[in-house]
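Engineer:
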Amino acid sequence: MNTRFCMVLPAVNVREGMVLARHTQALLREQELMMSRFIPEGDLATLNRTATHGPAPVSDRLWQVLDTCRRHQRLTGGAFDIAQGARRHGHGMDLLHFDAAARTLHFTEPGIELDLGGIGKGIAVDLVRQYLIEQGVEQALLSFGESSVAVIGAHPAGDYWPIGVEHLHERGRSLHRFELRDAAMSTSGNRDGQAHIVIPASGKLVEGCTTISVTSPGAADAEALSTALFVLPAARRASVLQNYRGAQAVEFAYLKRDASWTVEKRWQHE
Amino acid sequence: MNSQFPDEPHTPASDPALRRRFLARLAGSIAGSSLLSGLPWMAPLRAQPVGDAPSDRVRLGMIGTGSRGKLLLQHLLNTPGVEVAALCDDYPPHLTAALALAGGKPKAFTDYRKLLDMPDLDGVLIATPLHEHAPMCLHALAADKHVFCEKSLALTVDECKAIARAASTGKRVFQVGHQRLFSASFLHAHEIVRSGRIGSITQIRASWHRNNDWRRQVPTPELERKLNWRLYRASSAGLMAELASHHLQIANWYLDAAPLSCVGYGSINHWKDQREVYDNVNVLFRYRDGVTFIYDSLTSNRHHGMEIQVLGSRGTIEGESGKLYLEQPPPAPGIKTAIDRIERASMETIPIGGPSWQADSKSDALGQALRRDLGGDDGTLLSMAAFANAIRLNQPIPQMIDHAYRSGIAALMGQAAMDQGGDIAWPGDYK
């Protein structure tokens, strides 16, 4: 997924930790193979090549992921959409024809490609967290490329993990503190000059230097929601958030004045 | 625009004014840099480049004006405070061309001993076929001249010993043409090796592959052995001396040792044209603590080009491409903070969340570029400046004789191993 995965296991000895790290690595490799657009023999890359030509078989594990994506598409009113490249703006996943009985998927328009960049890391983090809990791990901090963070239990010195949104241009400075316990945080945004998230309704990239951070019990939920909120105007966000119980969100906007950046909290939901 | 070579970029190597500023800036940065000032052979460069006053001028003579000699001459002509006072070559076309390049000003010689008789000449640069290095170096040192000799040091072990002995007992500057000693990325790599960041070195691998016949056009057949001296045993130690000696010098430098012994196989398996030196060399050197240096060189395939890889328990350096690869990439800054807070039982906020961190590119996700800030120079320009400054200060350059001796001998060990078979032992120090 072209990023790094880090985990901190405070109450695990080195030997057990190394075993957990090895298994986690194997889990992540499997997830990457399934969800990456760039590994030619992987599940998603294969589907992207074949589903334009007709109903294509979907592996069970990928089907489950796509099902999750459909749920988020519904819950976000279409703001979360993994189908890119449709010729008509405002159309994405509604151009996918799922056949649940046959376990096949057909892209009904040419040019469509599925991209799990807005949820894949969260799905993988949820899986790793589940694995660690099953292994008896009671405290952990997991970070997948800093955009998908999840915790198990609480920080050894407190009742929660004090997780901060980091200032984009001042390393080590926290802009907002979330108190996480068995929960996840996801951040979507643009680093300076690196617009990369598409607004499904218009087909345009979100411009400007802003970030949205979302917390929720699940990492995949948090990531899908942060992706959706990032492309939605503030007025429409509250109605989407009603569908995600326990979610909190905060938006920061960065402005460049002369040579330095100023940052303001633009919007918040608690 | 580079007036001599219009297609080449505008760098300190090509522009005298830029070069003067570059050398002045460098003198300042060397004074303030632990990286460079820790290396004794950089010390002469700390001296500010001088003006054009006659008292500041160093008068040099060039012996050998073929392809390498001509390149050195171009650098020298643009080095501040250097006057190229004499040129020598026994092949008239080269001498004529070099004289023209130098604007006709230097005195021209066909016999280097006559050049050495010039009383007001401070030093010489020797860029001649390998078998001529020893007599020329010894004569020049005997004539009390400062000497810059192109690599490799000499054709035989005895000659190497004689030069090193003469150079170390005299008071004059002796420098060898190993420009990587003055290259930014090799200096940076050396700093990383010394710091222990890549762990202890367990193996060094290097190779130099080309695909050409290594021949020069010869106007008449009787000039064959003279112009194609690299191909014949009487004048050359082949690929070991001409190419391998550079990477052997890096290995000896980074391991801070000479090799203990060497084995190897070589052959002429492609260019079967009466040449006497191998076109395919494969050698394996043993250093102390079981560390090995593996080297091969070809002139029948260029796909893998040239590289030296320094392998340590914690990382790898690729010297020619200027890259560092760590076995364990460093963790995210936020993770370091988290560990620190846990260890201090602190509930201070852990700033970690942000848009996805991305590797710069998939293929070099773990590689870090080494420094390349010495003005695009591969070290040749700086080694000329260092030679001139060392002469001006009349201070021999520390460790330079050891660099010359160790790499020169190691190249000959490789050749001997391929010729004789079996294990060739280090033939001892020169002192």
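Residue numbers (our numbering), protein chains in the order written: chain Y, 1 to 270; chain H, 1 to 431. From the three backbone atoms N, C-alpha and C, an ideal C-beta is built for every residue, glycine too. Please read these numbers as outputs of a predicted model, since none were measured by experiment.
May I ask you to report which of helix, strand or coil DSSP gives glutamate 30 of chain Y?
Structural biologist: If DSSP states are grouped into helix, strand and coil, glutamate 30 of chain Y belongs with the helices.
Engineer: Residues of chain H with a CB under 7 Å from the CB of alanine 157 of chain Y: which are they?
Structural biologist: Ala345, Ser346, Met347, listed in chain order.
Engineer: Using a Cβ-Cβ distance under 8 Å, would cysteine 6 of chain Y count as near chain H?
Structural biologist: Yes, contact with chain H.
Engineer: Determine, using beta carbons only, whether isoleucine 352 of chain H comes closer than 8 Å to chain Y.
Structural biologist: Interface residue, yes.
Engineer: What is the DSSP secondary structure of threonine 380 of chain H, counted as helix, strand or coil?
Structural biologist: Three-state DSSP puts threonine 380 of chain H in a helix.
Engineer: In this structure, how does DSSP classify isoleucine 82 of chain Y when only helix, strand and coil are distinguished?
Structural biologist: The answer is coil: DSSP assigns isoleucine 82 of chain Y none of H, G, I, E or B.
Engineer: Mind pulling the chain Y residues with CB within less than 9 Å of threonine 380 of chain H?
Structural biologist: Correct list: empty, because the minimum Cβ distance to chain Y is about 39 Å.
Engineer: Per DSSP, what kind of secondary structure is aspartate 99 of chain Y in: helix, strand or coil?
Structural biologist: It is a strand residue.
Engineer: Indicate, with yes or no, if the ligand PLP has a heavy atom lying under 7 Å from the CB of leucine 180 of chain Y.
Structural biologist: Among the ligands in the structure shown, none appear at all, so the ligand PLP cannot be discussed.
Engineer: I'd like to know if threonine 292 of chain H contacts chain Y, where contact means its C-beta is closer than 8 Å to some C-beta of that chain.
Structural biologist: No, its Cβ sits nowhere closer than 8 Å to a Cβ of chain Y.
Engineer: Under 8 Å, Cβ to Cβ, is there at least one residue of chain Y near serine 313 of chain H?
Structural biologist: Output row for serine 313 of chain H: interface = no.
Engineer: Can you list, in chain order, the residues of the region 92-114 of chain Y whose Cβ is nearer than 9 Å to any Cβ on chain H?
Structural biologist: Taking 9 Å as the Cβ-Cβ cut-off against chain H, none of the residues of the region 92-114 of chain Y qualify.
Engineer: Among residues of its own chain, excluding the 5 on either side of leucine 99 of chain H, which ones have a beta-carbon nearer than 8 Å to its beta-carbon?
Structural biologist: The answer, listed in chain order, is Leu87, Pro106, Ala108.
Engineer: Just to confirm my understanding: we take threonine 283 of chain Y, look at its own chain, exclude 5 residues before and 5 after, and list those with CB closer than 8 Å. What are they?
Structural biologist: Missing from the structure shown is residue 283 of chain Y; chain Y here goes from 1 to 270 and no further.
Engineer: Looking only at C-alpha atoms, which of Y:Met93, Y:Ala224, Y:Gly111, Y:His269 sits nearest to serine 148 of chain Y?
Structural biologist: Of the listed residues, the one whose Cα sits closest to serine 148 of chain Y is Y:Ala224.
Engineer: Straight-line CA distance for valine 58 of chain H to leucine 73 of chain H?
Structural biologist: So the alpha carbons of these two residues sit roughly 14 Å apart.
Engineer: 8 Å is my cut-off, CB to CB: does glycine 367 of chain H come that close to chain Y?
Structural biologist: Not one chain Y Cβ lies under 8 Å of glycine 367 of chain H.
Engineer: Beta carbons nearer than 7 Å to chain H: which residues of the region 13-34 of chain Y have them?
Structural biologist: For the region 13-34 of chain Y, which is checked against every Cβ of chain H, not one residue is closer than 7 Å.
Engineer: As a quick exercise: from H:Gly264, H:Ser300, H:Glu343, H:Ile317, pick the residue whose alpha carbon is nearest that of aspartate 420 of chain H.
Structural biologist: Per the sequence shown, the amino acid found at residue 420 of chain H is glutamine instead of aspartate. Among H:Gly264, H:Ser300, H:Glu343, H:Ile317, the Cα nearest to that of glutamine 420 of chain H belongs to H:Gly264.
Engineer: By the criterion of Cβ-Cβ separation under 7 Å, what are the contact partners of glycine 145 of chain Y in chain H?
Structural biologist: Within chain H, the residues near glycine 145 of chain Y are Ser356, Trp357.
Engineer: Give the straight-line distance between the Cα atoms of aspartate 423 of chain H and leucine 284 of chain H, rounded to the nearest whole angstrom.
Structural biologist: Rounded to whole angstroms, aspartate 423 of chain H to leucine 284 of chain H spans 10 Å at the Cα level.
Engineer: Kindly indicate the opening and closing residues of the beta strand (DSSP E) around serine 300 of chain H.
Structural biologist: Neither: serine 300 of chain H is in no beta strand (DSSP E) and is coded neither H nor E.
Engineer: Tell me whether glutamate 264 of chain Y sits in a helix, a strand or coil according to DSSP, three-state version.
Structural biologist: Reduced to three states, the DSSP call for glutamate 264 of chain Y is strand.
Engineer: When you compare the CB of isoleucine 82 of chain Y with every CB in chain H, is at least one pair closer than 8 Å?
Structural biologist: It does not: the Cβ of isoleucine 82 of chain Y has no partner Cβ on chain H nearer than 8 Å.
Engineer: Work out the CA separation of alanine 338 of chain H and serine 143 of chain Y for me, nearest whole Å.
Structural biologist: Approximately 11 Å, taken between the alpha carbons.
Engineer: Can you pull the chain Y neighbours of isoleucine 335 of chain H, defined as C-beta to C-beta under 7 Å?
Structural biologist: Simply Cys6, Val8, Ser143.
Engineer: Just curious, the alpha helix (DSSP H) that arginine 286 of chain H is in, first and last residue?
Structural biologist: Unbroken run through arginine 286 of chain H is the beta strand (DSSP E), 280-286; no alpha helix (DSSP H).
Engineer: What are the complete beta strand (DSSP E) segments, minimum 3 residues, inside the region 198-224 of chain H?
Structural biologist: Complete beta strand (DSSP E) runs here, min 3: 201-209.
Engineer: Closer than 7 Å by beta-carbon distance: list the chain H residues that pair up with threonine 227 of chain Y, in chain order.
Structural biologist: In chain order: nothing, as chain H lies at least about 11 Å away.
Engineer: Could you check whether the Cβ of leucine 205 of chain Y sits closer than 8 Å to any Cβ belonging to chain H?
Structural biologist: No, its Cβ sits nowhere closer than 8 Å to a Cβ of chain H.
Engineer: Do the region 35-44 of chain Y and the region 155-174 of chain Y make contact, defined as three or more Cβ pairs closer than 8 Å?
Structural biologist: The region 35-44 of chain Y, when compared against the region 155-174 of chain Y, does not touch it at the 8 Å Cβ threshold.
Engineer: Shorter than 8 Å from the beta carbon of isoleucine 163 of chain Y to some beta carbon of chain H?
Structural biologist: Output row for isoleucine 163 of chain Y: interface = yes.
Engineer: Applying a beta-carbon distance threshold of less than 7 Å, which residues of chain Y neighbour proline 331 of chain H?
Structural biologist: Cys6, listed in chain order.
Engineer: Is it the case that the region 131-151 of chain H contacts the region 251-270 of chain H, given that we only count it when at least three CB pairs across the two stretches are under 8 Å?
Structural biologist: They do not touch, by the three-pair rule.
Engineer: Please classify leucine 115 of chain H: does DSSP put it in a helix, a strand, or coil?
Structural biologist: Here leucine 115 of chain H sits in helix by DSSP.
Engineer: Which residues does DSSP list as the beta-bridge partners of proline 57 of chain Y?
Structural biologist: Per DSSP, Y:Thr104.
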